[in-house]
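Asker: Quick note, the sequences are listed as chains A and B, same order. In terms of this note's numbering, the first sequence opens at residue 15 and continues consecutively. In terms of this note's numbering, the second sequence opens at residue 2 and continues consecutively. Ideal placement from N, C-alpha and C gives every residue a C-beta, glycine not left out. Before I ask anything, here is the structure I am working with.
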Amino acid sequence: MGSVPLRPELVRYAKEIADIAAEKGLDFFETRFEMVDFDTMQEIAAYGGFPQRYPHWRFGMEYERLRKQHVYGLGKIYEMVINNDPCYAYLLSDNALVDQKLVMAHVYAHCDFFKNNYWFSKTNRKMMDEMANHATRIRRHIDRYGYDRVERFIDICASLDNLIDPHQPFMQRGAPRDEPTRSVAPEREVERDIVRYKSKPYMEAWINPPAATSKQRQNLLAQREKKRHKHPPEPVRDVLQFMLENAPLEDWEADILSMIREEAYYFAPQGQTKIMNEGWATFWHSRLMTTRILKDDELITYADHHSGTVHMPPGQINPYKIGVELFRDIEERWNKGRFGKEYDECRSMEEKRKWDTKLGKGMEKVFEVRRIYNDVMFIDEFLTQDFVDRFRMYHYRYDPSTRRMVVVSRDYEKIKQQLLFMLTNHAQPYLYVLDGNYSNRGELYLGHKHHGVDLDIKYAVETLKNVQRIWRRPVHLQALINDEMVLFSYDGEQSQQQKIHADMPPPAHAV
Amino acid sequence: MFLKINKDHQRFRQIVKGKIRDDLRKFLTRGELIGKEGKHLISIPVRGIELPHFRYGDNNDGGVGAGEAQAGDPVDGAEGDAGPGGTQPGQHIMEVEVSLDELADILGEELKLPRIKPKGSHTITSEKDRYSGIRSTGPESLRHFKRTFRAALRRQIMAGAYDPDNPIIVPVRADRRYRSWKTVLKPQSNAVIIYMMDVSGSMGDEQKELVRLEAFWIDAWLRRNYEGIESRYIVHDVRAAEVNRQTFFTVREDGGTKISSAFKLARAVIETHYNPSEWNIYMFHFSDGDNSSESDSRECCRMLKEAMLPYINMFGYCQVASAYGSGNFINVIHEHLDDQENVVTSRVNTKDDIYDSLKAFFTAGK
C-alpha cells in the first residue's frame, strides 16, 4: 500500500543520527521508520497515529479536515511518532533529504521522552498491538450486533471519554476491591468509641447508665450503617470505571466502554506533556542538526523549515516554541548558576546580567526535568519573570465592547496563572461521581468541581443524556452556574434543571 | 488505491449530508479554514460533528500570547496548538474549490430553504441486497471457502503449526469467513423540471443571462433534493418548440409573444411523458411579461388553473425586467391565480435579485 521500505541512504542516516543522539545522552526505544505517501500519512494521522483502528466516522471526519488542510496548502504533517516499544515513526516520502534528517532527529528526542518521562511510565508500550486488537474486537461486535448499534454506542462512549482520572495510574485510590475486611468486628469497634466515664464498678450503672450507653451505641451503629451504604465510599473521578463496574451494561457494551477508556488513558500523558514533549524534540533536533548533522548546502532549507515550526503567531501559544525556549533557558540558568536564593535576592540588574558561577549543570538539569516534570509543573517552576519579559508575553481576554480578544496586561503572575489554568487537567472540567445510589433509587449523581469557570450548559445537558444511556436509571449533574448551584437531571425522556435548595436530598458526598 | 479510512470518510460524509444518523445532525459544526484568493480572503467550509463533552463554557478568561502589543491591542484568534504528532502551524494561502453539492448545501442553509420532501406515492423505494463484504459470523450456506482457508493457513503459519511438506490445513471455528450483505435502499423520487422561456424580440442577452443564472440555481437545488431528475426546455415566441439545454440558453429569435403556446406544449409534454402520480413536476416560466394580447394572458391562466396546477408541485413565474413592453403578465397572474397555493412569482431586475427569487420559489418547500 502506501508504505515503502526506507531507501538505503536514509537507513544509513537514521543509524548515524541515532548514534549521535545516543552519544548526547538520549535514551530511546528501538525506532522504526516507515516511509509513507501523503494519503497514507493522512489516514494514519486521522487514526491518531495508528495504522489499525476500529471503524468510526470520527476518524473519517479528521481525515477530511487534514485532507482539506493539505489540499489547500494550509499546513501539512511533517512527522508522526508513536509511543510504543519499538517506537514507530512515519516519514513523508516526498520530503527533501534535509527534512527527513530533521524529522529523524526530532523523532529520536520524542522517543527518548516517551521512554523516560515519568508521566508516560504507565502507558501501554505495546499499544500498536492493543489498538489492532481493539479494532478486531469492535469489528466482531459489529458483525454480531450490527454496525448502527455499535456505532451509536461508540458515539456515547466517545462523548464521555474525558471522564477519566489521569492521576489514577500512579496511585491506588480507595481500597482494592478484594481486600479482606478489617480484622476488628464493627461491634467491637463501636464499643471502643462509646464515651464512658471512669467509675468504680459498683457506681458503673449510675455514672454510665445503661440506657445512655445503649443509645450511644445505637447512634454509632446507625452512623456506621449509613457510611457503609455510601456508594461509592468516596467521590470517584474515574467516572468511566465506576460505570463499567456498576452500570447494567451488556458484555459487548462493557467491552467497548473499557476499550475507549483504555485508549483515553493511553493518550492522556500526551496531553499532559504537550509543551515539554514538543519542546524537548525541538531542543534536540536543533542542537543535533546545527552541530553535527547539517551539510553546508542544507542550512537555508533547514533554517526555513525550523523557523516555520517554531513560528508563533500573535495571540497563540506554540508549544514547540515555548517548550524549546524554556529548555534552553533552563540549560543556561543551570550552566551559569542563575537560580537559588542569592540570585533571586540580587537587586543589581548589571550583576544579574553578568551572573555566571560556571556551575555547568545545564545538561544534567534538562535531563532531570524531562524525566520527572509534566507541563503544569514545568510552567509553574521554570516560567520566570525574566522569561516572560524576554518573550514579551501577554495575557489577553475578551473585550465585550469591541467584541475582540484584546491584550490586557503583561503581568507575570496573571500570565502564569492563565497558562497553568489552560494546562491543568488539559483544560477539561473536573467531574466526580458523588453518589451511585442517589436518594436510594439507584440514580447516578455527578458533581462538577468549580475552578472559576462554569460548565457549558448546552453541552452539559447533551452529555448528561449520554451518561444516562449508559447508566439506564436517571442521572443528575450538580454544577455551579452563575454562582448558583444547579442540578441538571435526565431520566431518559426529559431533561430538567433546577436550583438546588435545602430540602432536596443531598448526595452521599459533597464535591 | 484503497484506504481503510475511506469507509469511515464515506460514513462521515453521509452523516453530514443527512442521509443517515439523523440524531447526530444537531451536533453539526460549520468550521472553516481561511484562505486567500488573490487579494480576497476566502473560507473553505469544514464540516464537523462535535460529540458533546462536559467542557467549560465560553472562556472569557482569555489566554496568553507573545509579541509586540500594547494593552488594549486586539489579537486575532484564540489560543490554539498544533495537533498531535506535530502538524505544522498553518500558513494562510490557498484557493478554494467547492463541489456543486456543497454549494447547493450552502445555498440551502443560507436561504433557509427546506428540503423538499417527495410526496407519498411519488416515492418508490426499492430494496436490494448486495453481497459486498466478509465477516466472521454468518450462516454456513454463505461460507467463503477460500477466505476461510486463507485465515486458517495464516493462523497455522503464525502458530508454527504449518508444515510445507505436509500441508494440512484444518480450519477452526474462528477461521470461518462468511459473505456478508448490505441492504441497499434506492429511493426513487422522480422529478421533472420544465423550463419555459420567452425568446421574443424583447428578450435581450442581458435578460437571458439572468434567466440562465436563475435556471442554473433552480436546477442545482432541485437536483440536490431528487435522485432522478429530468429537465425539459421549451422556448416560445408566438409558437413554442422543445429544444435542448444548449439551445435554450443561446437561442435568440424575433417576433411577437404568445405565452399560451408554451403552456400548451408543456401540457402535451406532461401528458405524454410524465404521469403526475409518479412524477414531481416543476414548471418555471421566464419572460419579460410582454404578451401579445390580454385575452391570451387570461387563456394562460385558465389553462394553468384547469389543466395543470392541480397536478403539479409548483409553477414558478419569473419576470425579468426589460426595456420593452408592458410587463403586465405578472399582474394578470396575480389577478387570476392569487388563490392558488403552488403558484409563485418573482421579479428579477438584476443579478442581486436572483437570491431573493430563489428564496421566494422554494421557501414553501413544495
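1) Taking Cβ positions, are N388 of chain A and W71 of chain A nearer each other than 8 Å?
2) Output, in chain order, the set of chain A residues within a Cβ distance shorter than 9 Å of K360 of chain B.
3) In angstroms, rounded to a whole number, what distance separates the CA positions of P311 of chain B and G202 of chain B?
4) Where does M95 of chain B sit, in a helix, a strand or coil, going by DSSP?
5) Which residues in chain A sit within 7 Å of F316 of chain B, going by Cβ to Cβ distance?
6) Can you tell me whether C360 of chain A is helix, strand or coil according to DSSP?
7) By Cβ distance, which residues of its chain are closer than 8 Å to G87 of chain B, with the 5 residues on each side in sequence left out?
8) Taking only runs of the beta strand (DSSP E) that begin and end inside the stretch 395 to 447 of chain A, which ones reach a length of at least 3 residues, in chain order?
9) In terms of residues, what are the limits of the alpha helix (DSSP H) holding R166 of chain A?
10) Can you tell me which of the three DSSP states R56 of chain B falls into?
11) What separation, rounded to the nearest whole angstrom, lies between the Cα atoms of R486 of chain A and L458 of chain A?
12) I need the straight-line Cα distance from S232 of chain B to E78 of chain A, nearest angstrom please.
13) Identify each residue in the stretch 67 to 91 of chain A for which the Cβ-Cβ distance to at least one residue of chain B is less than 7 Å, and report them in chain order.
14) Using a Cβ-Cβ distance cut-off of 8 Å, determine whether R144 of chain B contacts chain A.
15) Which residue wins for smallest C-alpha separation from I355 of chain B, given the options B:T273, B:L214, B:P140, B:K18?
16) Y318 of chain B and I194 of chain B: beta carbons closer than 8 Å?
17) Check each candidate in B:I6, B:G64, B:F362, B:K20 and name the one with the smallest Cα separation from D220 of chain B.
18) Which residues in chain A have a C-beta closer than 7 Å to the C-beta of S137 of chain B? List them in chain order.
19) Using a C-beta cutoff of 8 Å, does H515 of chain A count as contacting chain B?
20) Indicate whether the contact test is met: 3 or more Cβ pairs, each with one atom in the stretch 164 to 178 of chain A and one in the stretch 275 to 292 of chain A, closer than 8 Å.
21) Since V420 of chain A and Y410 of chain A should fall inside the 8 Å C-beta cutoff, what is the C-beta to C-beta distance between them, to a whole number of angstroms?
22) Can you look up K212 of chain A in the DSSP assignment and give me helix, strand or coil?
23) Which same chain residues end up closer than 6 Å to N332 of chain A when comparing Cβ atoms and leaving out the 5 residues on each side of it in sequence?
24) Of the residues A:E44, A:E48, A:E248, which one's Cα is nearest the Cα of L24 of chain A?
25) So, at 7 Å on beta carbons, what are the nonlocal neighbours of R131 of chain B in its own chain, with the 5 sequence-adjacent residues on each side left out?
26) Please go through the same chain and pick out, in chain order, the residues whose beta-carbon is closer than 7 Å to the beta-carbon of S213 of chain A, but skip the five residues on each side of it.
27) Pull the bridge partners of I169 of chain B from the DSSP assignment, please.
28) Taking 8 Å as the threshold (C-beta atoms), are V338 of chain A and S300 of chain A in contact?
29) Quick check: the Cα distance between T251 of chain B and V349 of chain B, rounded to an integer number of angstroms?
30) Mind checking S347 of chain B: buried by the 16 CB within 10 Å criterion, or exposed?
31) Enumerate in chain order the residues of its own chain whose CB-to-CB distance from F167 of chain A is below 7 Å, with the five nearest sequence positions on each side excluded.
32) Whose CA, out of B:R268, B:E243, B:H54, lies closest to the CA of I471 of chain A?
33) In the stretch 327 to 347 of chain B, which residues sit with their C-beta less than 9 Å from some C-beta in chain A, listed in chain order?
34) Return yes when the C-beta of D358 of chain A is under 7 Å from any heavy atom of the ligand GTP, and no when it is not.
35) What do you reckon, are the CB atoms on V321 of chain B and V200 of chain B nearer than 8 Å?
36) Using a Cβ-Cβ cut-off of less than 7 Å, list which residues of the stretch 20 to 38 of chain A approach chain B; keep chain order.
Answerer: Taking the structure as given:
1) It is not a contact, given that the beta carbons lie outside the stated cut-off.
2) What K360 of chain B touches in chain A: nothing, since even the nearest Cβ is about 29 Å away.
3) Per the coordinates, the alpha-carbon of P311 of chain B lies some 32 Å from the alpha-carbon of G202 of chain B.
4) Only weak support is given to the placement of M95 of chain B: the predicted model assigns it a pLDDT of 31, under 50, and the question is left unresolved by the model.
5) The contacting residues do not exist; F316 of chain B stays about 40 Å from chain A at best.
6) DSSP places C360 of chain A in the coil class of the three-state scheme, outside both helix and strand.
7) Only weak support is given to the placement of G87 of chain B: the predicted model assigns it a pLDDT of 33, under 50, and the question is left unresolved by the model.
8) Segments of the beta strand (DSSP E) lying fully in the stretch 395 to 447 of chain A: 407 to 413, 418 to 423.
9) That run of the alpha helix (DSSP H) goes 161 to 173.
10) For R56 of chain B, the three-state secondary structure derived from DSSP is coil.
11) Here the alpha carbon of R486 of chain A sits roughly 9 Å from the alpha carbon of L458 of chain A.
12) One C-alpha to the other measures close to 33 Å.
13) Answer set for the stretch 67 to 91 of chain A: P69, H70, W71, F73, G74, M75, Y77, E78, R79, K82, Q83, Y86, G87, L88, G89, K90, I91.
14) No, R144 of chain B does not count as interfacial toward chain A.
15) If we check each option's Cα against that of I355 of chain B, B:L214 comes out closest.
16) No; because the gap between Cβ atoms is not below 8 Å, this pair is not in contact.
17) When each option's Cα is compared against that of D220 of chain B, the closest is B:F362.
18) The answer, in chain order, is R154, D157.
19) So no, H515 of chain A is outside the interface.
20) At 8 Å Cβ cutoff, the stretches touch.
21) Right, their Cβ atoms sit about 6 Å apart.
22) In the structure shown, K212 of chain A falls within a coil segment according to DSSP collapsed to helix, strand and coil.
23) So the qualifying residues of the chain are M326.
24) Cα-wise, what sits closest to L24 of chain A is A:E48.
25) Around R131 of chain B: W182, K183, V185.
26) Closer than 7 Å at the Cβ level, and outside the excluded window around S213 of chain A, lie I221, N222.
27) As computed with DSSP, I169 of chain B is found in no beta bridge at all.
28) Result yes, Cβ atoms of S300 of chain A and V338 of chain A sit closer than 8 Å.
29) Each residue's Cα considered, the two are about 19 Å apart.
30) It is buried - the Cβ of S347 of chain B has at least 16 other Cβ atoms within 10 Å.
31) E267, I270.
32) The option with the nearest alpha carbon to I471 of chain A is B:H54.
33) Result list empty, no residue passes.
34) The model on display carries no ligand, and the ligand GTP is accordingly not part of it.
35) Contact: no.
36) Answer set for the stretch 20 to 38 of chain A: empty.
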